[in-house]
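Asks: Here you go, one structure.
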Amino acid sequence: MTRRYHLILLVGLLLMLIMPGQGVFAQTPAPVTDRPLVVINGYYLDKDTIAVGDSFNLFVELKNISATQDASNLILSFINDSFLPQETGGVVALGMLAAGGDRTVTQRFLVSSSLAGQPVGTIPLNLSYTGPDGTQYSERFTITLQLRIYYRAAFTPTPSPTPTLAPVVRPQLVVSSYRTDVNPLQPGSLFKLSLDVRNLGNADARSVTMVLGGGVAPDPGGTPQPGGVSGAGGDLSVFAPVGSSNLVFLGDVPAGASLSTTSDLVVNVSANPGAYTLKISFVYTDPKGLRLVDDQIITLLIYRLPVLEVNFYRDPGPLFSGQPNILPIQVVNLGKTTVVLGNMTVSAEGAELQNNTVLVGALDPGGFYTLDTTFTPMQAGEMTIKVVLNYTDDFNQPRQVEQIIPVVVQEGAPVIEPGMPSGEGEIPVQPVQETFWQKVWRFMRGLLGLDSALPQPVVPEGEAPVQEFESVPVPPLKGP
3 MTRRYHLILL VGLLLMLIMP GQGVFAQTPA PVTDRPLVVI NGYYLDKDTI AVGDSFNLFV
63 ELKNISATQD ASNLILSFIN DSFLPQETGG VVALGMLAAG GDRTVTQRFL VSSSLAGQPV
123 GTIPLNLSYT GPDGTQYSER FTITLQLRIY YRAAFTPTPS PTPTLAPVVR PQLVVSSYRT
183 DVNPLQPGSL FKLSLDVRNL GNADARSVTM VLGGGVAPDP GGTPQPGGVS GAGGDLSVFA
243 PVGSSNLVFL GDVPAGASLS TTSDLVVNVS ANPGAYTLKI SFVYTDPKGL RLVDDQIITL
303 LIYRLPVLEV NFYRDPGPLF SGQPNILPIQ VVNLGKTTVV LGNMTVSAEG AELQNNTVLV
363 GALDPGGFYT LDTTFTPMQA GEMTIKVVLN YTDDFNQPRQ VEQIIPVVVQ EGAPVIEPGM
423 PSGEGEIPVQ PVQETFWQKV WRFMRGLLGL DSALPQPVVP EGEAPVQEFE SVPVPPLKGP
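Per my numbering, the sequence shown runs over residues 3 to 482.
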C-alpha cells in the first residue's frame, strides 16, 4: 500500500512538471493591453460603374474596433496620381472616433486618363490618429476599384464599327490670373480684386455665380435646389467684400471663352502679416441641367510696412551757400508696432555733406532718432534733401523708405580775396566840416563837462559807414 502511494505521488509530480502552464516551471501569461485600432469596415461608390474622365464620390466606413480606447485627431489622406481628389486637397480631418464607434467619410475623385485601358485602379489611404495616452498610430489601406473599359473589336471579314471611348462633356471653370490695384496689401487696405475666369471644358457653363470665400456644398444628385445659391458658409475672416455681397453673377460662359470680373474687398485690420488663401467657388449648370461646383484657391500676401515721418526737429535757420550749415534731421515711428531700421542716409545734389549716414536700429511706437548732418551747398536757390531708410519687410525682402525735405539756400556774404586794395567796395564817407564858432561851442561844452565829441557824418539809409574819421586835435583845456 505504501509503495503504491509513493508511485502515485511520483507520477503526479512528473505530470505537474511536464504540463504547460502548471508546475514550478510554468510561464506567467503576459497581460493583454488594449489600444485604439481604426479599420475600414467597408466602402462603396455613388455610381454603378466608373470610367476614365468620370467624377464620383467614394464613401469609406471607418470603425474603431477597440472596446475601451478612443481614437482622436483622425486624419485621412488620399494620395494617388490615378484618382484625382476634387473639392478638397485630398486630406480629411475627422476629429475623434469613440471606442466601438464608426463614421463614414466622403471624398470626390476624378478618374485620370492615366488609367485608360486599365480594368482596375487602386487608391491608397493613409490614416493617422492619437490614443488617449498621446501615442501616435498610423494605418495604411488600399481600395481597389473596377473600371469600365472599351475593347477594340477583333478583325473579321464583315466590317463592324470600332467602339471608342465616349468623350466627357463637362464645363470646367478656372481662374487663369488675378491681380490687385493696391500693392502691397496691408491691414485695413481697401482694394479691387480682378479675376480672369476661363472655361477650359468642352461644354457651356450656364448661369455662373462666383462665391467669394467658397463654402458651397455641391448637391450629390446634381439637381439645382430651390432658393438659389447660398454663400453664408464662406470664410471671409481676412478678406471681406465691401459694397456688395460675396455672390457675383457672371452669366453664361461658353466653352473656351473667358471673362473678367472685379470685386471690392477690404483687409481685416486684425490680420497679421503673412500669406493667406482666398477660396473662390463657381456654381453653374451644364447643358444637361446638372448643377456643378468648381472650387479655386488664390493666395494674397499681407504686409505690415513701417509708418515713418522724417523732418527737422527744430528750425535749421537760414542756410547760406558756400558755408557749412547744420541740418537737424529726425525720424519718428508713427506706427503701432516696433520697427527695426537699417542705415539712414542723407543726400543732396549740388552740396557736400558730412556725418550723413547712421544705423538707426529698433524704434518703439512713437520713438524717434535724430541726426545732425553738416550741409555745405555750392549755390543758392531751392534744394531738396533726400533721406533714405533701409529695412527688411515681413517676407525678408530688402525695402527702402524715401522722403524729401525741401530747403531754401540764400546767397552767402562776400569774401574779400587776398590782394584786393583796402577799401575797395566800401562806401566812402567824408568827415563833417566845422566852422570856427562850432569849434568854440564844443570848447565851451567841454569846460562845462558836457559832450564835446565831433559830430557824426550823415550816412544814407541802408548804407553803413566802413571808414573811420580822422581825429581833429583839440587844444588842452585850462581851468580849475
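Note that beta-carbon positions come from the ideal geometry of N, C-alpha and C, so glycine has one too.
Whole angstroms is fine: what's the gap from residue 241's alpha carbon to residue 268's?
Replies: Spanning the two alpha carbons is a distance of roughly 6 Å.
Asks: Which residue's Cα is closest to the Cα of residue 365: 352, 104, 144 and 344?
Replies: The residue with the shortest Cα to Cα distance from residue 365 is 344.
Asks: Let me make sure I understand the geometry here. Which of 308, 284 and 128 has the alpha-carbon closest to that of residue 189?
Replies: Looking at the Cα atoms, 308 is the closest of the given residues.
Asks: Determine the contact status of residue 40 and residue 131, defining contact as a CB-CB distance below 9 Å.
Replies: Yes, the Cβ-Cβ distance between residue 40 and residue 131 is below 9 Å.
Asks: Checking the sheet assignment: what are the DSSP bridge partners for residue 356?
Replies: DSSP, once it has assigned bridges, lists 376 as partnering residue 356.
Asks: For my contact list, residue 150 and residue 282 are in at a C-beta cut-off of 8 Å; report their separation, rounded to the angstrom.
Replies: Not quite, the Cβ-Cβ distance comes to about 33 Å (not below 8 Å), so this is no contact.
Asks: What runs of the beta strand (DSSP E), each 3 residues or longer, lie entirely inside the region 77-123?
Replies: 85-88, 93-99 and 104-113, all fully within the region 77-123.
Asks: Tell me the DSSP secondary structure of residue 441 in three-state form.
Replies: Of the three classes helix, strand and coil, the one that applies to residue 441 here is helix, per DSSP.
Asks: Enumerate in chain order the residues of its own chain whose CB-to-CB distance from residue 143 is below 6 Å, with the five nearest sequence positions on each side excluded.
Replies: Around residue 143: 42 and 127.
Asks: Going by alpha carbons, who is nearest to residue 276 out of 99, 182 and 304?
Replies: Minimum Cα distance to residue 276 is reached at 304.
Asks: Mind checking if residue 61 is an interface residue toward chain B, Cβ cutoff 9 Å exclusive?
Replies: Going by chain labels, chain B is absent from the structure shown, which holds only one protein chain.
Asks: Within the same chain, show all residues whose beta-carbon is closer than 8 Å to that of residue 273, passing over the 5 residues directly before and after it, in chain order.
Replies: Excluding positions up to five away in sequence, the list reads 189, 240 and 304.
Asks: Which first and last residues belong to the beta strand (DSSP E) in which residue 315 is found?
Replies: Note, residue 315: premise wrong, no beta strand (DSSP E); not H, not E.
Asks: Between 176, 77 and 115, which has its C-alpha nearest residue 139's C-alpha?
Replies: Taking only the C-alpha atoms, the option nearest residue 139 is 77.
Asks: So, do the region 171-180 and the region 194-201 have three or more beta carbon pairs nearer to each other than 8 Å?
Replies: With the cut-off at 8 Å, the region 171-180 and the region 194-201 touch.
Asks: On the three-state DSSP scale, how would you describe residue 293?
Replies: Residue 293: strand per DSSP, three-state reduction.
Asks: Taking the C-alpha atoms as reference points, what is the distance between residue 382 and residue 411?
Replies: Each residue's alpha carbon lies about 5 Å from the other.
Asks: Residue ranges of each beta strand (DSSP E) run of no fewer than 3 residues wholly in the region 230-292, ordered along the chain?
Replies: Listed in chain order, they are 241-243, 249-255, 260-269 and 276-287.
Asks: Using a Cβ-Cβ cut-off of 7 Å (strictly less than) and excluding sequence neighbours within five positions of residue 212, which residues of its own chain qualify?
Replies: Cβ neighbours of residue 212 beyond the five flanking positions: 250, 252, 263, 282 and 284.
Asks: Rounded to whole angstroms, what is the Cα-Cα separation between residue 368 and residue 336?
Replies: Approximately 6 Å, taken between the alpha carbons.
Asks: Could you compute how far the alpha carbon of residue 61 sits from the alpha carbon of residue 124?
Replies: Going by the C-alpha atoms only, they are around 15 Å apart.
Asks: Given this structure, state the Cα-to-Cα distance separating residue 59 from residue 101, to the nearest angstrom.
Replies: C-alpha separation (whole angstroms): 27 Å.
Asks: Where residue 31 and residue 46 are concerned, what is the direct C-alpha to C-alpha distance, given to the nearest angstrom?
Replies: Because residue 31 sits at a pLDDT of 43, beneath the cut-off of 50, its placement in the model cannot be relied upon, and the following sentence gives the value as read from the coordinates. C-alpha separation (whole angstroms): 42 Å.
Asks: One question on the structure: do residue 85 and residue 113 come within less than 9 Å of each other, judged by their Cβ atoms?
Replies: Yes.
Asks: Buried or exposed, going by whether 16 or more other CB atoms sit within 10 Å of the CB of residue 203?
Replies: So residue 203 ends up on the buried side.
Asks: The beta strand (DSSP E) that contains residue 489, what's its start and end?
Replies: Nothing can be reported for residue 489: it is not among the residues displayed for the chain, which extend from 3 to 482.
Asks: Using alpha carbons as the reference points, say which of 255, 435 and 172 lies closest to residue 208.
Replies: Nearest C-alpha to residue 208: 255.
Asks: Tell me, please, whether the region 370-377 touches the region 338-356 by the rule of three or more beta-carbon pairs shorter than 8 Å.
Replies: These segments touch.
Asks: Over the uninterrupted beta strand (DSSP E) stretch that includes residue 336, give me the two end residues.
Replies: Note, residue 336: premise wrong, no beta strand (DSSP E); not H, not E.
Asks: Residue range of the beta strand (DSSP E) that residue 401 falls in?
Replies: Residue 401 -> beta strand (DSSP E) spans 400-412.
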